[in-house]
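Residue numbers (the UniProt record's numbering): 1 to 243.
Virtual Cβ for every residue (Gly too), placed ideally from N, Cα, C.
Just so you know, these numbers come straight off a predicted model, no measurement behind them.
Written out below as structure tokens is the structure these notes cover.
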Ligand code: ATP
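Structure below.
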């Protein structure tokens, strides 16, 4: 089923006097995986919070620009309405409910989803992440870092997103666990969910995404096909650690 494209136009946002994003323009086409790269403080998390309309919970605000998903102006909605429109953010740091069971974490993710859809979603996430079925009755805090990240992704999927906003899904993971997450993101995308992927791990992001943007101090410094950025001297030097 065709979904919609995300379009961010001249987005400016910040926290009080701090301008975290300046005139950022970006598109995630229907069915695409688009990466946003950048160092600490470049504005990546702020971009996702602006799209999901959660910036206000962190003391921030959008000061200008437009955000739309298909025909829907997301920048006129409240956060739960953005989820209902099909755009779901998986926050950084995994943020699972550590004392709740894996199963209850997944149930919490389904709260905004259409009635009756929960069993279909559960089946999908258990197919993607069989370990979450094996661990269903365990507190989420007992999972490994990689498994907690899987749970965070799975919880996001329970809301049946058309577009997932992923904030550093491989942060803090060992290389093998990070590769597994990257592979699952590809599979989620193959199943029809678009992805906006924020990563400091440029090597992984540029392999998963078809297009990428580089943010530097709140501005888009570079953008283009991921393969082209991966071949550019500047990206190789600054973000891929090639000297
Ligand atoms: P990181 O990878 O370190 O999370 P980032 O690219 O996601 O970096 P943001 O978290 O979006 O960057 O931060 C952009 C700017 O906004 C930084 O200067 C940061 O200090 C500032 N900032 C972020 N969150 C807040 C907040 N809640 N209050 C005030 N300033 C903030």
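If you check the beta carbons only, do residue i and residue j fall under 8 Å apart?
{"i": "residue 46", "j": "residue 20", "result": "yes"}
{"i": "residue 49", "j": "residue 219", "result": "no"}
{"i": "residue 33", "j": "residue 221", "result": "no"}
{"i": "residue 169", "j": "residue 181", "result": "yes"}
{"i": "residue 82", "j": "residue 198", "result": "no"}
{"i": "residue 121", "j": "residue 108", "result": "no"}
{"i": "residue 128", "j": "residue 152", "result": "no"}
{"i": "residue 212", "j": "residue 223", "result": "yes"}
Kindly indicate which three-state DSSP category residue i falls into: helix, strand or coil?
{"i": "residue 129", "result": "coil"}
{"i": "residue 25", "result": "strand"}
{"i": "residue 30", "result": "coil"}
{"i": "residue 54", "result": "coil"}
{"i": "residue 49", "result": "helix"}
{"i": "residue 70", "result": "coil"}
{"i": "residue 221", "result": "strand"}
{"i": "residue 235", "result": "helix"}
{"i": "residue 9", "result": "strand"}
{"i": "residue 190", "result": "helix"}
Does the ligand ATP have a heavy atom nearer than 7 Å to the CB of residue i?
{"i": "residue 191", "result": "no"}
{"i": "residue 105", "result": "no"}
{"i": "residue 201", "result": "no"}
{"i": "residue 220", "result": "no"}
{"i": "residue 18", "result": "yes"}
{"i": "residue 239", "result": "no"}
{"i": "residue 42", "result": "yes"}
{"i": "residue 213", "result": "no"}
Three or more C-beta pairs closer than 8 Å, one from the region 55-68 and one from the region 5-12: is that the case here?
-> yes
Does the region 88-101 touch the region 157-166, meaning 3 or more C-beta pairs lie closer than 8 Å?
-> yes
Would you call the region 97-112 and the region 140-154 touching, i.e. three or more CB-CB distances under 8 Å?
-> yes
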